[in-house]
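Chemist:
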Amino acid sequence: MHEFRIVLILVVAGFVTTHAAEGETEYSSTIPKYVNLLFLSTTVLVASLIRIIVLKFNIPIPFAAFAILFGLLWGTIAYHNQFARRVSAVVYMDPDDILYVYTPTLIFYIAFSVDTGIMEKILPQILVIGFPVTLITGVTYGYLMRLIINMDWTIRGGILFGILCSPVYPMAIIDLLKKHPQTKQSSVLLGAEGLFGLIMADIAYTIIVGNQGEFVVYWYQFFSITLRFLLIGILFGYVIGLFGRYLFRTMYTNRLSVFIISFALPFVTYSISNQYFSCRGSVSVAVLGFMMSTERTALSREIDAFLNDFWTMTSFILEIIFTVTCSVHMAMNVASYFSWSSYILVVVSYILYYMVRFVCFLLFSPLTSRLGYGIDLKSLMICVWCGIKCPFSVILTQVFMKYDLQVYRNRERYFYIMGIYILSIFVNGTFTRTLMDFFNLRKISLARQINMNNCIKHIFTKRERTIAILKMDRFLVDTDWPLVITATNVKHPYHIDLSEDEDAFAFRSEYTTCPDCHKDIQQEPSPRELKEMTREANLRVLKAKKMSYSRQFENGMMSGEAIRILTQAVDLAADSEKGIIELEGLVKRFTTQGPFTKRIRSRVQDLNKNKKASVRQPRKYLRRVCHNIVVNKTWEKAMCYVIMCDVIMLAVGLIYVEGFLRGQWQTETDLFRLVIGFFFTAIYILEFVMKILAYSWVYIWRHGIRTYFKSFWNILDFIVIIVYIIHLWYSLQVIQIVSLSPQQEQIRFIISLALWLRAIRLLRLFEIFYPTLIKYLDSHFDSKVAFTYELGKSYTIGETEVLDLLPYMIDNKNIRDGIKEKIEADRVVITKLLGIVQKEKPWVAITVKTKQAIRTILKSMVEANNQLKISGWVDDYEQEKLEIEMTHLYKKVNALQTVQPSAPKVIFREVTWMTGEEEVIDFLFENVTVKTFEPGDVAFGEGTVADGIYIVVTGLFLIKYVPQKSTIDSLHEYGILPIVDYLSSTKYEEASLDYIVSGNCIGELSTLTRRAYNCTITADTHSQVYVLSYNVLTRAMELSPDLVAGLECRIWKEVSIRIAVPLLLSVPTYQNYSQDEIKYTLERAFVPNLADYKIFTVTEMIQDIILIEGVVADFNTRDFFIAPCCIPRRVQKLILPTSSLMNIPIYLETKLLIVPEKDLDEYDVMATAEETGEMVAMGSATKCLHHMIQERAKQRKRMKLMQTPAKKTTQQKKSGFEEMPAEETSTLHSTSTLPESSITQMFGKDKKNTSSDRRSSETKL
């Protein structure tokens, strides 16, 4: 690829060189052609070396300044030396050819590199600064320069000079501004200003040239030409942009194809727009660049980085070439004509320009400060100062020097524009960093320093561990480890010292010691400290959100555009005073449709309704026949064909008969046209009569005629019929007249023109496209809603993850509660909006979810492919083949437009705990009932036991939970879970408000435990649910009595995973895991039925155990564990409540979520646990788990011999025991608090709540 770039450099340089104007100097014939290429290549090489030195030593001077110095020095030498002058013949390149190369490259590079997300937000600011501010600055500055430099300039010449000075090209400064969040918006604003300034200068140059040639004189000509340039340029650029986006989407994986498309389209668009559409190619290329920039998120990272590097390199090469050649031309051919006073005037002109620019920015600051992100005084000063001039102005001046006969005046313009350009590079470009330091815009925030310190420490820790492992390698014993440590020492990117005792978590809560009881008491912070602590806590939350968004993007759950917007929102919030993300923009995306699109759709829909409005069928037979004919689409198409033929005949008669054939065969042609006129008039009258009869339900006047004239098209048809009759009558009157008088000719011509009213009827052909247009507008709006749904879903996931991590990030309770309240409120708002979208537009939500699921699966497949390569299972060729196949799958998912909602049975079967047994699923579906809720209806009230499990098909449900003291006491004493659906295990002691969308289930925990709800669930919208009653579920559980993977166990697993995820986040082993990774780990977990166990043995086959409900105790230490909590890995045996060793006054079945080791079967785990544990005596009629599995295997073999087995899943083959008699178990219907003494007698000592101890002892993240 580097060789390809070198070839590209030579191609660009050669293309520019081959367009050098021949015969411009006397030396052009004596210098070999390769000298021009040698000069340019040497210039690029020297500039590249200088750029490397500038970047290496961090010199604040722009590299373009060194290119100017080199050009001025070489030009001075060439002025005094004939050989150097001959070598410098390349400066006489044709400026028109330079514009054709430089303009599309520069404009496309700026448009393609701009951050479209920020640009959309600050577009009003860009329009204000790009047009009125730039135009007023140029006109004012040009008029003042006319007064200062030369009064002989015309006002038009002064305005031209000012407009030529307007374009800015701050791309070198933009890279510096992008590195700092405080000036990121300013960088986009400057880039867009430079782009609009280039377009305005290009249009103004064309109009002024036309004015000099007296082609454009009047004001309306100026207006019409400008409007033509803008409208046609935007339209053509949009069409080419659509074509380019299509090519990008189809060939985005082919690097060479993407490069060729990106390289060729700007030049093709610029050339065609200029030559064939009579507009400015700069406008079309800018629109093309913006549209192609929006597709960058669809490209892979490698291709996107390659395109960015390519256009950066191309613009760098062209800027260096033209800067050097203009500088050489300045020193060799222009500077000698001016005295020292002119150089002083250059300095004055430079100061005057930036003063005028500052005043114009200041005048519009009341408007720009209220648009977009706003602009303060510091940002305004940065925008004014960083408006570095552009070589485009100098090249345009060379074009004037080529065509304008006033050589000295154009040379004078060139001298001053080049002088301002040089001073802006040297002064503004050099002291930009100084100005930013003065305004504290380059100051690194404390949050970023702390974050970078933590990263550096993490890298150093990893390095030390790697060194320790390598030292144990016997082949690396004699390695020079001090040199290894020195060679791997990473410097701090912010160039600050990293102390060993630095605490990464500043602003932590401070404690003081009570002199009486000697206990640690939290010291209350001062108001200033509290403000700083709140600010730091908000920054930690924003950092956690950003990490969540990055994980979602890496897992395929978020598109590139979505993560760009959310990351940008986090950066803006981090730089704001409050440090929080405002939701107004996201909420508006859900509720607002574009006014223009909304208006068009409403109007088209009204027209479509009018078109489809049916007329009552008449009673009489003849009228009914006419009605059936008129409303038929075939009749409408036939009339359109008739009108088209009539229009063609009118055109032929007007152009040829009235023109070329007038006087030849006049009588014959008039007679023929008269016959044709009679024929078409008869058809139109027939249509009129048939419509009147078709609309006459009873009465012709009241129903037929009145209905007919309610339509605009019918009125137009009637007027045309009258005109046709008049035309025929007049034609009959004058057909015998050989020579018509001028008055008769005029009347005939007016009537002929009136006949063209019939052509307006052809506009009704667009009625055919009404449904298509409505469908396009709906799909366009649906795509925006889908993207908004994706944003909201990703945002909600991030908020949920942050809520789970909040207790470990912030230790100050007051600050934590305030932030938690804000996050909860934001999450509830977005969740409700997501539910509304899923209710009103279910296909949108399903499409987004389906695409995210496919991308996530493909991402895991790609990772599996990489693991196969690392492990040696596939070589490079095989890996490439697999990647190509997966790339095709990525193309399919990107081409996926809309996924329609699934059928009810599919939704029913997609419930997580439904999978596994077809017989059970069919039984449940056959016995399911449908229930509907109106807004405000209570599905489950507090204190009500669920009558079954509800599967939400459509609608939105609201959960309100207020903790009660008895509920919390039961949770702390016996591990009795509050009956609340979808509540995190860390929020049982807090009031909660949440929404349940379609596809989820409610009532699971209440149905399993037969305990009453501790919350209220109400319908927020019109909702429909599938109801699986308790009796139906009980019979289904009897059909699936597996003690490990039966229906009841699967439902408990679904409930347990939701409880276990936040618990595992607090375990040190899983602190580096994301929620998705924890869910992947819990996917192989299971919740067995432990009703027959007294002692449960924790074997080596078990990775982790999470106590979901109930109490257990350590057999060895008698430590007491209360749900929900994680059982430590040191525990070897667990005492269950069924054992006599545990004395509990109530009976509550303990539920354990067991995570086996990888590649182990849950049945093997339970068989081992049964062999090593202690079971409840159940009599001789009951078999053990081991023999039950053997018996089930024998039964399966016999069934295979007797009948053809049905297709079953792997999980189904593992499950299924013989039916056992159901035992009566007591259930707990009350959650009243029991006295503390009832627990202290369990093991003869005080209880030990390990879960609470472990929570309090966890290290804060």
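In mature numbering (1 follows the signal peptide of the UniProt record, and there is no 0), the protein residues as written are -20 to -1, 1 to 1241.
Every residue, glycine too, gets a C-beta built ideally from N, C-alpha and C.
(1) Roughly how many angstroms lie between the CA atoms of I1031 and K423, to the nearest whole one?
(2) May I ask you to report which of helix, strand or coil DSSP gives Q1191?
(3) Can you tell me whether V1005 is helix, strand or coil according to DSSP?
(4) What ranges does the alpha helix (DSSP H) occupy inside the region 228 to 257, keeping only unbroken runs of at least 4 residues that lie completely in it?
(5) Please name the residue or residues paired with C981 in a DSSP beta bridge.
(6) When we look at the beta-carbon of Q944 and count the other beta-carbons within 10 Å, is it buried (16 or more) or exposed?
(7) At a cut of 8 Å, does the region 1013 to 1026 reach the region 935 to 942 through at least three beta carbon pairs?
(8) Is the beta carbon of V1035 less than 9 Å from the beta carbon of N994?
(9) Report the partner residues of C1106 according to the DSSP bridge assignment.
(10) Which residues mark the beginning and the end of the beta strand (DSSP E) in which C995 is found?
(11) Where does the unbroken alpha helix (DSSP H) through V900 begin, and where does it stop?
(12) Enumerate in chain order the residues of its own chain whose CB-to-CB distance from R443 is below 7 Å, with the five nearest sequence positions on each side excluded.
(13) If you pair each beta-carbon of the region 897 to 911 with each one of the region 955 to 969, do three or more pairs fall below 8 Å?
(14) For T56, which residues from the same chain have a beta carbon less than 7 Å from its beta carbon, with the 5 sequence-adjacent residues on both sides left out?
(15) Tell me which same chain residues have a C-beta within less than 6 Å of the C-beta of R520, skipping the five on either side of it?
(16) If you follow the beta strand (DSSP E) that V1135 is part of, which residue opens it and which one closes it?
(17) Identify every residue that forms a DSSP beta bridge with I1115.
(18) Looking at the structure shown, is L654 part of a helix, part of a strand, or coil, going by DSSP?
(19) For K1154, name the three-state secondary structure that DSSP assigns.
(20) When you compare only the Cα positions, how much space is there between N794 and T514?
(21) Comparing C-alpha positions only, which one of W365, T83, G142, F111 sits nearest to T249?
(22) In three-state DSSP terms, what is T85?
(23) Excluding the 5 residues flanking L708 on each side, which residues of the same chain have their C-beta closer than 8 Å to its C-beta?
(24) Name the DSSP beta bridge partners of D974, please?
(25) Output the distance between the C-alpha atoms of L115 and L175, rounded to the nearest integer angstrom.
(26) Can you check DSSP and say which residues form a bridge with T909?
(27) Out of Y123, I128, L144, I545, point me to the one whose CA is closest to I135's CA.
(28) Would you list the one or two residues that DSSP bridges to F920?
(29) Just tell me which of M271, L421, F698 has its CA closest to the CA of M361.
(30) Check each candidate in D1056, Y226, I1082 and name the one with the smallest Cα separation from N535.
(31) Just how far apart, CA to CA, sit F341 and C363?
(32) Return the first residue and the last residue of the alpha helix (DSSP H) that W320 is part of.
(33) For the pair the region 1148 to 1156 and the region 1073 to 1087, tell me if three or more CB-CB distances fall below 8 Å.
(34) When you compare the CB positions of S774 and L546, do they come within less than 9 Å of one another, or not?
(35) DSSP puts F1066 in a beta bridge; with which residues?
(36) Provide the residue(s) that pair with F1101 in DSSP beta bridges, ordered along the chain.
Modeler: Taking the coordinates as given:
(1) 54 Å
(2) Below a pLDDT of 50, predicted positions are generally treated as unreliable, and Q1191, at 35, falls in that range; no measurement from the model is reported.
(3) strand
(4) 235 to 255
(5) I931
(6) exposed
(7) no
(8) no
(9) I1086
(10) 995 to 999
(11) 898 to 906
(12) T468
(13) no
(14) A311
(15) M789
(16) 1131 to 1136
(17) I1075, A1093
(18) helix
(19) Before going on, a small fix: residue 1154 reads as Glu here, not Lys. It is a strand residue.
(20) 10 Å
(21) T83
(22) helix
(23) L654, G657, F658, T661
(24) I939
(25) 14 Å
(26) V1007
(27) Y123
(28) I997
(29) L421
(30) D1056
(31) 9 Å
(32) 320 to 343
(33) yes
(34) yes
(35) I1134
(36) V1092
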